[in-house]
Amino acid sequence: MLAMNEWSVDPEGLRFAASVVRYAVQITEPETATAATARVGDAELAAALSAFMQALTGGWMQRVSATEGVCQTLAASATLYETADEEGVRDVRQADNF
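In structure tokens, the structure reads:
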């Protein structure tokens, strides 16, 4: 059990979380396909619907991009923690040699 002033990070847990989030993005990306709006009502309605769909799709793609950023950050964090652990072990071993 860790004391209140200690903490631990599981790099594999971070990578797993990244993979779960990445999977959620992958299965929802096809949902960004939009219907043809040119044949809906008159020209004004079609233009308004087209503008709405473009805005909706643009907003969705921004969310997808941000979520992919979360995946990348989780994976990078896992690597940073592993590197810090490896360097810490190396430093302790070197200190033991003095």
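With the UniProt record's numbering, letter number 33 in the sequence shown gets 33, and the count goes up by one each step, no holes.
For glycine and all other residues, C-beta sits at the position ideal for the given N, C-alpha and C.
Because the structure is a prediction, the values reported are computed rather than measured.
In the structure shown, Glu-29 falls within a helical segment according to DSSP collapsed to helix, strand and coil. With contacts defined by Cβ atoms closer than 8 Å, Val-21 and Val-70 form a contacting pair. With respect to the 8 Å criterion, Ala-75 and Ala-18 are classified as neighbours on the basis of their beta carbons.
Your pair Arg-15 and Ala-78 checks out as a contact, with CB atoms roughly 5 Å apart and the cut at 8 Å.
Cα atoms of Trp-60 and Phe-52: separation of roughly 12 Å, rounded to the nearest angstrom.
Take Tyr-81, set aside five residues on each side of it, and the residues of its chain with a beta-carbon closer than 8 Å to its own are Val-9, Pro-11, Leu-14, in chain order. If you check the CB distance, Val-64 and Val-25 come in under 8 Å. When DSSP assignments are scanned along the stretch 7-76, no uninterrupted stretch of beta strand (DSSP E) that is 3 or more residues long falls wholly within it.
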